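S.K.: For reference, the structure I am asking about is given below.
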Amino acid sequence: MLRFIVKRLLWMVPSLIVVSFLAFVLIQLPPGDFVTTYIATLAASNEVVDQNTAADLRARFGLDRPMIVQYFKWISGIVLRGDFGLSFEWQQPVSDLIWERMALTLVLTFSTLLATWGIALPIGVFSAVKKYSIGDYVVTFFSFLGLAIPSFLLALVLMYVAAVEFGQEVGGLFSEQYLTAPWSIGKVIDLLQHLWIPVIILAVSGTASLIRVMRANMLDELNRPYVTTARAKGLSEFHLLVKYPVRLALNPFISTISWLLPNLVSGSIIVAIVLSLPTAGPLLLQSLMSQDMYLAGAFVLLICALTLIGSLISDILLALVDPRIRLE
Amino acid sequence: MSRDTEHGPRERRGLDRRDMLKGLAGATALSAIPQAASAQTAKEAPALAKLAAEGKLPALAERVSANPLVITVEKVGRYGGSLRRGLRGSSDHNGILRMVGNQGLVRWNLAFTEVLPNVADKWEVNPNSTEFTFYLRKGMKWSDGKPFTADDIVFSIEDCAKNTELYKSPPSPIVINGQAGTATKIDETTVKFTFASPYALFLEQMATPLGQHPTLFAKHYCSQFHPKYNPGVADLVKAANLSDWGTLFRNKCGDIEIPSRWGNADKPTLDPWVIKEPYTGGATRVVMERNPYFWQVDSAGNQLPYIDRLTFSISQDVESLMLDAISGRLDIQERHLDTLQNKPTLSQNMQKGGYRLIELVNSSSQQVQIYLNMTHKDAKMREMFANKEFRKALSLGMNRKEIIDLVYLGQSEPHQTGPRPGHPWYHEGLSKQFTDFDPGQANAILDKLGYAKKDAGGIRLRPDGQKVFFAIDVIPTLYPDEVDALELVKRHWAEIGVDIKVNTIERALYYTRGDNNDHDAAVWPGPGGLDPMLDPRDYLAQHTQGSRYAIPWAQWYVSSGKDGQEPPESQKQRMKLYDQARATADMQKRGEIMKQVFDLTADAFETIGICLAVNAFGICRNNLQNVPPKYPNAWSWPNPGPALPQQFFFAT
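For the protein sequence lines, the chains are A and B, in the order given. Using the working numbering, read the first sequence as starting at 1 and increasing by one per residue. Using the working numbering, read the second sequence as starting at 1 and increasing by one per residue.
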C-alpha cells in the first residue's frame, strides 16, 4: 500500500511538468496576447490605450520574448522560489488572488456535495426498491427534469423571478453590510441565508443524475443471490439494504471523488458567473479570457494537481471500502 | 452650463483661443466663473462639520483652498446618500475613472466644445503655442490634507512620466513631433509646460483621461517609491517580493488606466471620492467615500461632492446588471447596458425600477465604417481596393435606408464620415457623398472597371478570372449590430455582383490581423464625430491600429517615414495639414485648415460608411438630481465625469 502511494506520488512530478507546459502553450495558442486582449476589451467601452503604453506593457510583461523563454521564466519561479508570479491584469501575486477565493469555494462545493448526496442517495435507493411504483415515476420524472434544465438557466430564471416579482437580491454570498465585515456569528448566518440558493441550483442537476445512477446500481444488486440469502436468513429489510447492496452500489460514487477535487476550482463556473459568486471559477474564466498567463497557468496547474491527488484518494478509498479491489 | 450637446448654439464667446493669446487678462475671463463665493462662506457635509468641530479635521476654509473651483449647479443639492453603480469583473477600472477620476488640469464643458478651468484656475498660452503656463489654486490639498503645488506636477512629469524606467517612452499627450515637453516650476502655484514645436492641442489633450499625468502623482507620497528620492527603494521592492521599482511604483501609485490606480486606499488623489474598499482581483465591490479636501464648491459655496459615498458592485456577468437596473438597484448606469437591444426592456421597466433614461450623444461619426485594405499584401486586391471608382460603386450599391430601419430601428441617417451634423466643422460633401441607393450606376461603374464578366452565380470576375470577393472582419461579441448590418450589405452587394464574407472573428485575432496587415477589409465604428481633432483616424491615416484602410501609411506617418509604406500625395498633404492644425491655437484658423483636410478626405473617399453613429442611453434613478438629460458618450469626454457627478444629489 505504502509503496503504491509513493510510486503514484512520484509519477505526479513528470505529469505536472508536462501539463504545465501544455497548459502554457494552450493558453498562448489563441492569436494575440494579454496586451491585445486588454486593448480590445477597453475598446469595447470606447476606451483607448496610449500606443506608447501598449508597447511598454508588452516589454514589461516579457510578452515580446519567445514562448519558451516565457515558460521557463514562469516555471523556474514556481520550482525554485514557489513564486507563481504577478497577475498581468491586477499586478498582484497570483497565489494571493487564488487563495482569497478558495475558502468560499470550498464551503460552496462541500455544501453542494452534502446536499446532493443527502438528497440523491436515499431517493435513488427508494426508487430502486419501489421500482415502477407511483413514487418511482414521480421521482424519475423530476430527476429527468433536473437533468434537462441547464443550471445556469435555472439560476437566471430564479434571479429574474426574485428580482422582478419579489424585489429581492439573489446574487452574491453576503448582504451589503456583511460584505467586508470580519467573521462573526451574524456573518455566518448571513452566509447561510445566501448559500442555499446557489447550493440548490448547483445541486439540482447533480442530484438528478445521481438518483439515476444510484437507482441503476441498486437494481443491479437487488437481484443478486446474496440479497435473497440475507432475506432468507431473516434480516430486516432496512438492515439488509444498508448493509449489502447499498454499500456495493456506492463504489461508483467513490470513483467520482477524483473529479470532485478539480471541480472545486473549475466546476459550476457558469452558475457562479451568473450569480456573481465570489468563488474561484469566475476568476479562472476571466484570466483565460484576458490571457492573463500567470494567473490562468497557476489555475490550470492547481486543477491538474487536484485531479491527480483526487484520483489517488479515490483509489485508496476504493481499496478500503471494497475488499475485492487490490492495488497491485 | 449649456444643456445642449449638439444642436444648440456653438459660439465660442469668451472661449475663443484668440482670447487665450491676449495673456493673463484674457485667460482670467476664460475661467468664466465668478470668484465671489469664497471659502469663508462655504458649507460642508454634516459628517465633516462634526469632525471639524471635534478638531479631527481642519476647518473647511483651510481644506478647500483660497479660491476653490465654483461649479454652477442647476439646483443647489443636499448632502448625503450613497450612489450605486455596476462594474464588470475584469478590465473595468475605467468605469471608476469615468465617474471620479476626471481631475486633470483642465476639463471639458458639457457640450464637448471648449476647455474649462479645473485643477488649474487659469492659464496662458504664448503666441506660437509652445509654452503653456498654468496657475494653480493657492492652498489646494491632496485628499490626505497635504498641499498640492507646482512641485507635484513637475515631479509627475519630469520624474515619472519622462522616466524611461517607468515609461519606456513618454505618454503621447505630452509628446509632440517625437519630443516630450518640459514642466518647470515658476513658483508654488505656477507651472510652465514648454514644447519644442507648436502644440495647440495640448490643452484639449489635458482635458482627456490620457492627459491626466500632471495631476496623477502626489510627490510627498509617491516619491518614497522612486529611487531618485528614496535610495532605499530596493529594500521596499524586495520586501514586496517584486522585481523592480517600476512595478512597486505602479502598484502603489497606479497609472491613468490600470486597475492598481484604484487598488491602494492610502494613495492621495484630487478626486471627489477616495477609495475605501479597493478594486483588486478578488473584490466583489468597490466603495469610495467623499474626499474631505475636495477643492470644488457649488454656486452657493457648499463644498462638493454632495453624495457621501459611491458603491460599485462587481458583476461577473454583465447581464445581471440588467436585472439590477430593472429592480432599481443602480442609481446611474450606462456602462455595459447601453446597447440598442436592451433599450426596449429598459424603457418598459422604467416605472418598476423608478428610473428615467438619459440620452448619450455618440461622439463617433460612423456606426459601421467599412475599411477596405488599400495597402493589401496581394497586388490584385490592392489594385481593386485602391480604386476610388470601385469604392464608389460599393457605396452606391448599398441600401442604407433598409439597414437603418431594420438594424437601427430607424434611429439614424445615411452618412459617410466627418464631424456630426451640428458640429461647427460639419462637412456635407464628406458626410453625404455617394449615400444614395443606385444599383444601376454601381453596376455601370463596375462594368466599366473591367469586372463585367460574371460567373454562373452572378458574381463578377476580375480580369484574372478570380471572383470579386473579399472578407470583412468583424467582432460579433463586441458589435453584434455590425454583423447584422453586414449581412444586409452582403445581400445588397450580391445584387451588383460583389461577393463578401462576413468574417466573424474573436477580438484579439481581429487586432492581430490588422497589426499584420493581413485583413481584406474590416469594420469598426468610425470616430471623430464630436472630437475630429482628437481622433482623426478616418480623415487621414494617423492611427496605427485604427486607420484600417491603410495601416502601413499610418505607421509611416507616426514613425516620420521610417516604418510602413509611403502614402499617396493626398494623404501626405493631409498629414501636413493636420500637423499644422494641431499647432494652431486659433479655432477659426484651425477650422479652416481642417476644412482642407476634409475636402481632401472627401475627394479621396477611402472609407465607406453606412449611417451616423447611433446615440446610446443610460438609466438614472428618478431621485438623482442635477444629471443633464443629454451628454456626450466618449472616451475623450469620459462620461459621466465631465457632467460632474460631484454635483449630483439625491432629492428627498
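Here a beta-carbon is modelled for each residue, glycine too, at the ideal position from N, C-alpha and C. The model shown is predicted, which means the values in this text are computed figures rather than measured ones.
Taking 8 Å as the cut-off, decide whether the C-beta atoms of A/Ser290 and A/Tyr71 are in contact.
M.R.: Looking up residue 290 of chain A in the first sequence gives position 290. Looking up residue 71 of chain A in the first sequence gives position 71. Against a cut-off of 8 Å, the Cβ pair of A/Tyr71 and A/Ser290 comes out as no contact.
S.K.: Listing by chain order, which chain D residues have their CB less than 7 Å from the CB of A/Gln286?
M.R.: Structure shown: chain D not included; protein chains present are A and B.
S.K.: Would you check if the distance between the CB atom of B/Ser606 and the CB atom of B/Tyr549 is smaller than 8 Å?
M.R.: Here residue 606 of chain B is taken as the residue at index 606 of the second sequence, counted from 1. Here residue 549 of chain B is taken as the residue at index 549 of the second sequence, counted from 1. A small correction: the amino acid at residue 606 of chain B is Glu; Ser does not occupy that position in the sequence shown. Their beta carbons are under 8 Å apart, which means B/Glu606 touches B/Tyr549 by this criterion.
S.K.: With DSSP as the reference, identify every bridge partner of B/Ile71, one or two as the case may be.
M.R.: Here residue 71 of chain B is taken as the residue at index 71 of the second sequence, counted from 1. Per DSSP, B/Asp298.
S.K.: Could you pull out every residue in the same chain whose Cβ sits closer than 7 Å to the Cβ of B/Leu21, ignoring the five residues on either side in sequence?
M.R.: The sequence position of residue 21 of chain B within the second sequence is 21, counting from 1. Here B/Leu21 scores only 38 on pLDDT, less than 50, and its place in the model should not be relied on; the value that follows carries that caveat. Here the set comprises Val125, Pro127, Ala585.
S.K.: Among B/Trp262, B/Phe202, B/Thr284, B/Phe155, whose alpha-carbon lies nearest the alpha-carbon of B/His655?
M.R.: Residue 655 of chain B cannot be examined here, being either before or after the span of chain B that is shown, 1 to 652.
S.K.: Please identify the residue among B/Ser364, B/Gly328, B/Phe249 whose C-alpha is closest to the C-alpha of B/Lys352.
M.R.: What you label residue 352 of chain B is simply residue 352 of the second sequence in a count that begins at 1. Comparing Cα-Cα distances from B/Lys352 to each of B/Ser364, B/Gly328, B/Phe249, the minimum goes to B/Gly328.
S.K.: Who does B/Phe469 pair with in a DSSP beta bridge?
M.R.: By one-based count along the second sequence, residue 469 of chain B stands at place 469. Looking at the DSSP assignment, B/Phe469 forms a beta bridge with B/Asp499.
S.K.: Considering only the alpha carbon of each residue, which of A/Thr36, A/Cys304, A/Leu158 lies closest to A/Ile197?
M.R.: Counting from 1 along the first sequence, the entry for residue 197 of chain A is found at position 197. For A/Ile197, the closest of A/Thr36, A/Cys304, A/Leu158 by C-alpha to C-alpha distance is A/Leu158.
S.K.: If we call anything under 8 Å between Cβ atoms a contact, is B/Tyr511 one with A/Ala54?
M.R.: Here the question's residue 511 of chain B lines up with position 511 in the second sequence. Here the question's residue 54 of chain A lines up with position 54 in the first sequence. With respect to A/Ala54, B/Tyr511 sits apart: the two C-beta atoms are not nearer than 8 Å.
S.K.: Taking its Cβ as the centre, do 16 or more other Cβ atoms sit within 10 Å of B/Lys453, making it buried, or is it exposed?
M.R.: By 1-based counting over the second sequence, the position of residue 453 of chain B is 453. Counting Cβ neighbours within 10 Å, B/Lys453 comes out exposed, since fewer than 16 surround it.
S.K.: Let's see if you can read the secondary structure: which residues bound the beta strand (DSSP E) around B/Ile275?
M.R.: Walking along the second sequence from the start, residue 275 of chain B turns up at place 275. 273 to 277 is the extent of the beta strand (DSSP E) around B/Ile275.
S.K.: Name, please, each residue of chain A whose Cβ falls closer than 9 Å to the Cβ of B/Pro170.
M.R.: Here residue 170 of chain B refers to the residue found at position 170 of the second sequence. Those within 9 Å of B/Pro170 in chain A are Asn52.
S.K.: Can you name the residues of chain B whose CB is closer than 7 Å to the CB of A/Thr41?
M.R.: Residue numbering aside, residue 41 of chain A sits at position 41 when the first sequence is read from its first letter. What A/Thr41 touches in chain B: Ser91.
S.K.: Report the rounded CA-to-CA distance for B/Met381 versus B/Ile459, giving the unit in angstroms.
M.R.: To locate residue 381 of chain B, count along the second sequence from 1; it is residue 381. To locate residue 459 of chain B, count along the second sequence from 1; it is residue 459. Between B/Met381 and B/Ile459, the C-alpha separation is close to 16 Å.
S.K.: How many angstroms separate the CA atom of A/Leu261 from the CA atom of B/Ile326?
M.R.: Here residue 261 of chain A is taken as the residue at index 261 of the first sequence, counted from 1. Here residue 326 of chain B is taken as the residue at index 326 of the second sequence, counted from 1. Cα to Cα, the separation comes out at about 38 Å.
S.K.: Looking only at C-alpha atoms, which of B/Asp455, B/Leu166, B/Met206 sits nearest to B/Gly465?
M.R.: For this step, residue 465 of chain B is matched to residue 465 along the second sequence. When only C-alpha atoms are compared, the closest one is B/Asp455.
S.K.: Run through chain B and tell me which residues come within less than 9 Å of A/Val274, C-beta to C-beta.
M.R.: Here residue 274 of chain A is taken as the residue at index 274 of the first sequence, counted from 1. Contact annotation for A/Val274 against chain B: Gln316, Asp317, Glu319, Ser320 [CB-CB distance below 9 Å, chain order].
S.K.: CA-CA distance, A/Ser45 and B/Ser363?
M.R.: Locating residue 45 of chain A in the first sequence gives position 45, where the first residue counts as 1. Locating residue 363 of chain B in the second sequence gives position 363, where the first residue counts as 1. So the two alpha carbons sit approximately 13 Å from each other.
S.K.: B/Ile619 touches chain A at which residues, Cβ-Cβ below 9 Å?
M.R.: Your numbering for residue 619 of chain B matches position 619 in the second sequence. None at all; the shortest Cβ gap to chain A is about 15 Å.
S.K.: I'd like to know whether the C-beta atoms of B/Trp295 and B/Arg400 end up nearer to each other than 8 Å.
M.R.: Against the second sequence, residue 295 of chain B aligns to sequence position 295. Against the second sequence, residue 400 of chain B aligns to sequence position 400. Their beta carbons are not under 8 Å apart, which means B/Trp295 does not touch B/Arg400 by this criterion.
S.K.: Using 10 angstroms around the beta-carbon of A/Trp11, count the other beta-carbons present and answer buried if the total reaches 16, otherwise exposed.
M.R.: Working through the first sequence from its first residue, we reach residue 11 of chain A at position 11. A/Trp11 comes out exposed.
S.K.: Between A/Met159 and chain B, is the shortest Cβ-Cβ distance under 8 Å, so that the two count as touching?
M.R.: As a position in the first sequence, residue 159 of chain A is number 159, starting the count at 1. A/Met159 counts as touching chain B.
S.K.: Counting pairs of Cβ atoms below 8 Å between the stretch 229 to 243 of chain A and the stretch 145 to 158 of chain A, do you hit three or more?
M.R.: Contact fails between the stretch 229 to 243 of chain A and the stretch 145 to 158 of chain A, because fewer than three Cβ pairs, one in each stretch, are under 8 Å apart.
S.K.: Does any residue of chain B have a CB that is nearer than 8 Å to the CB of A/Ser368?
M.R.: Here chain A comprises residues numbered 1 to 328, so residue 368 of chain A is not present and cannot be evaluated.
S.K.: Using beta carbons (cut-off 8 Å, strictly below), is B/Arg590 in contact with chain A?
M.R.: Start at 1 with the first residue of the second sequence, and residue 590 of chain B comes out as number 590. By this cut-off, B/Arg590 is not an interface position.
S.K.: Does chain A have any CB closer than 8 Å to the CB of B/Ala643?
M.R.: Within the second sequence, residue 643 of chain B is the residue found at index 643, counting from 1. No, because no Cβ of chain A sits closer than 8 Å to the Cβ of B/Ala643.
S.K.: List, in order along the chain, the chain B residues whose C-beta lies closer than 7 Å to that of A/Tyr294?
M.R.: Residue numbering aside, residue 294 of chain A sits at position 294 when the first sequence is read from its first letter. Near A/Tyr294 there are no residues of chain B at all, since even the closest Cβ is about 12 Å away, more than 7 Å.
S.K.: Residues of chain A with CB under 8 Å from B/Ser299, in chain order?
M.R.: Walking along the second sequence from the start, residue 299 of chain B turns up at place 299. By Cβ distance, chain A contributes nothing, its closest Cβ being about 32 Å from B/Ser299, past 8 Å.
S.K.: Helix, strand or coil for B/Val106 per DSSP?
M.R.: The residue you call residue 106 of chain B lines up with position 106 of the second sequence. In the structure shown, B/Val106 sits in a strand (DSSP, three-state: E or B).
S.K.: Whose Cβ in chain B lies nearer than 9 Å to the Cβ of A/Tyr226?
M.R.: Counting from 1 along the first sequence, the entry for residue 226 of chain A is found at position 226. Neighbours of A/Tyr226 on chain B: none; closest Cβ ~51 Å, over 9 Å.
S.K.: Whole angstroms is fine: what's the gap from B/Leu30's alpha carbon to B/Lys122's?
M.R.: Counted from its first residue, the second sequence places residue 30 of chain B at position 30. Counted from its first residue, the second sequence places residue 122 of chain B at position 122. Low confidence applies to B/Leu30: its pLDDT is 40, below 50, so where it sits in the model is not reliable, and the reading given next is rough at best. Computed Cα separation, rounded: 7 Å.
S.K.: Per DSSP, which one or two residues make a beta bridge with B/Ala522?
M.R.: Position 522 of the second sequence, counted from the first residue, corresponds to residue 522 of chain B. Partner(s): B/Tyr371, B/Asp473.
S.K.: Using the three-state DSSP reduction, which class does B/Glu131 fall into: helix, strand or coil?
M.R.: Taking the first residue of the second sequence as position 1, residue 131 of chain B is located at position 131. B/Glu131 falls in the strand class under three-state DSSP.
S.K.: Let me make sure I understand the geometry here. Which of B/Thr435, B/Ala494, B/Leu310, B/Pro421 has the alpha-carbon closest to that of B/Arg84?
M.R.: The sequence position of residue 84 of chain B within the second sequence is 84, counting from 1. Checking every option, the nearest Cα to that of B/Arg84 belongs to B/Leu310.
S.K.: If you draw a straight line from the alpha carbon of B/Phe390 to that of B/Val287, how long is it in whole angstroms?
M.R.: The count along the second sequence starts at 1 and reaches residue 390 of chain B at position 390. The count along the second sequence starts at 1 and reaches residue 287 of chain B at position 287. Each residue's alpha carbon lies about 55 Å from the other.
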